[in-house]
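Participant: Could you have a look at this structure, given as structure tokens, before my questions?
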DNA sequence: GCTAACAAATCTAAAAAACTGATATATAAT
DNA sequence: ATTATATATCAGTTTTTTAGATTTGTTAGC
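Encoded structure:
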């Protein structure tokens, strides 16, 4: 079904780009007659003319011009494939899988992905958002090469990335805000806690204070929006509820103790023995980006 | 720079699709040993392995899987190019240029384009929006294969497509609406008329009543929005101001005579002698679409 | 554990293709 | 008219691709 070879398409583009058979021949390190041969082959197998001789120059026909454009595109993708293979041959992974705990600020991740893909356009990134034990599983099942998570499963090595500060909050209208005193453990027990669903199968719990009622939501953003509507109280990363706190749709709860909690997020490579250069570079960019982002600095 | 031939990529996909060298050989009408040869060639020139022998089966390596995906894509575009060439060889234009007077309802044009491109995905459409003499010029300068316009320049043949009804309108707040009587020619003279700029070089005039002041705008939509803001009166195609009339942001002017005008739009082929099958088909679809659209029927 | 069946790799000779250099043809410039 | 330039054609050579036989290694049945 494909009768025209890449080399024939390339001959077409070379003739156009080096205006003429002679130039193309030189550019391709071949003889002029083989240029002629290639075009004749192309023309006869497609049953069209791509060049007409005007005077003593070869000029593209209308369909030739279109084929030229498409040929350029075809060749470019073919070249890119070979380039990617070459990168792989040098040890660069063609794809890296990154698992990220939803606690991690996504804007920062997007920034790093942006940076990485401009630096290495041929390495694809697959991003997996995980929660708690889901992050562990991604590591253990080798579903990710690079993981950002709070727990470091036994046998893995992790580097601290950044510390996430959690704040206990509820909507201003929530009863907990109208006790007229600091809130204690028993008060919390009486109200509904919003919990983010564990993406793994082991079902760990983010909120360990046993609240009578719970509302488990699958994503932190859903959960936050539930909290603003007064559906319950919850601990959220301060960074993720900055807007809600300034707008006043969420308000910090005055707990007797433990109003703030801290979780350390770590950068963990799935395979400690051999980390591919792409995964390693991605990790570097992540660390750099965090170092630069002053809003993440612990004062 | 391209060392791997299309046929080698195709061998790769054939082996995957027909699970095995033997199947691929049969599918490609070649011998098993030439499959083996092609893959070895590919692997050595890319310096990667795309298959590993697991047991007695050839299985894709990770990079092989990625290359397979990309190869499928590459081959598909190569095949499409040849298909397009074949269509051209049979007389189908690779691109048709359509010039459309802005009076023509654009939703209808988009509908027809949608229909045509699903029917003939390999023929590209270039749409040129023209006004008055611009439409003529598109024909005369052979800038379009197919033209929808009001005037049929001498020497061309046109088929009536549809009749556009113009309505004289102004914003409800406009002084012309507060005369307390029917509007006559002299009344109009005293006010600013909104005119759509001729896209051609001959500069014909859409509004022929010589109004003292004129505001010439380049596009009918700009003009309509100017009219709703009370900047002047104008004649617009009823179809184009349906929304404005129902919302009341524009109101029909009670003229003594000539409150409505009619313009016939015609379908004109640039080259009467030989119309390509794509252009002809596009014309058919246009005519059909107009016949079907009941809101365009003259009662 | 042995054997038959199977799948891919290797080898060699043959066939197909692509390539070159020389030459022919046609056009533009002088 | 003559020369320089650009593509086409031809004939012989080189390179690449192919088929068929054989080999190597694996699985499944007995």
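Protein chains in written order, with my numbering: chain A, 6 to 304; chain B, 6 to 304. Glycine residues also receive a C-beta, built at the ideal position from the N, C-alpha and C atoms.
1. By how many angstroms is the C-alpha of residue 101/B removed from the C-alpha of residue 263/B?
2. With DSSP as the reference, label residue 242/A as helix, strand or coil.
3. How many Å lie between residue 89/B and residue 122/B at the Cα?
4. Going by alpha carbons, who is nearest to residue 35/B out of 46/B, 55/B, 12/B, 54/B?
5. For residue 10/A, would you say it is in contact with chain B, using Cβ-to-Cβ distances shorter than 8 Å as the test?
6. I want to verify the contact list: residues of chain B whose CB lies under 7 Å from the CB of residue 93/A, in sequence order.
7. Note the first and the last residue of the continuous alpha helix (DSSP H) segment covering residue 21/A.
8. Assign residue 224/A to one of three DSSP states: helix, strand, or coil.
9. In this structure, does DSSP put residue 165/A in helix, strand or coil?
10. Do you know offhand how far residue 197/B's Cα is from residue 237/B's?
11. Measuring only the C-alpha atoms, how far is residue 152/A from residue 140/A?
12. Which of the three DSSP states, helix, strand or coil, is assigned to residue 120/B?
13. So is residue 15/A buried or exposed if we call it buried at 16+ other beta carbons inside 10 Å?
14. Can you pull the chain A residues whose beta carbon is under 8 Å from the beta carbon of residue 352/B, in chain order?
15. Give the interface partners of residue 99/A over in chain B, defined as CB-CB distance under 7 Å, in chain order.
16. Starting from the N-terminal side, write out each stretch of the beta strand (DSSP E) that is 3 residues or longer and does not extend beyond the region 15-73 of chain B.
17. Check each candidate in 9/A, 223/A, 180/A, 59/A and name the one with the smallest Cα separation from residue 194/A.
18. For my contact list, residue 171/A and residue 240/A are in at a C-beta cut-off of 8 Å; report their separation, rounded to the angstrom.
19. I want to know whether the region 68-80 of chain A touches the region 92-106 of chain A - three or more CB-CB distances under 8 Å.
20. Per DSSP, residue 274/B forms a beta bridge with which residues?
21. Suppose the cutoff is 8 Å on Cβ atoms and the five residues either side in sequence are ignored; what does the same chain contact list for residue 79/B look like?
22. With distances taken Cα to Cα, identify the nearest neighbour of residue 119/A among 290/A, 297/A, 282/A, 277/A.
23. Nearest-angstrom Cα distance between residue 127/A and residue 117/A?
24. Given that a residue counts as buried once 16 or more other Cβ atoms are within 10 Å of its Cβ, and exposed if not, what is residue 156/B?
25. How many angstroms separate the CA atom of residue 158/B from the CA atom of residue 184/B?
26. Relative to the C-alpha of residue 41/A, which candidate in 163/A, 33/A, 26/A has its C-alpha closest?
27. What residues match up with residue 141/A in a beta bridge as DSSP calls it?
28. Which value, in whole angstroms, describes the spacing of the CA atoms of residue 285/A and residue 114/A?
29. Which stretch, first to last residue, makes up the alpha helix (DSSP H) that contains residue 135/A?
Facilitator: To lay it out plainly:
1. 38 Å
2. strand
3. 13 Å
4. 12/B
5. yes
6. 53, 68
7. 11-22
8. coil
9. strand
10. 5 Å
11. 7 Å
12. helix
13. buried
14. Any question about residue 352/B goes unanswered here, given that chain B covers just 6 to 304.
15. 68, 71
16. 56-59, 62-65
17. 180/A
18. 4 Å
19. no
20. 151/B
21. 11, 14
22. 290/A
23. 16 Å
24. buried
25. 41 Å
26. 26/A
27. Per DSSP, none; premise fails for residue 141/A.
28. 15 Å
29. Premise fails: residue 135/A lies in the beta strand (DSSP E), 129-135, not in any alpha helix (DSSP H).
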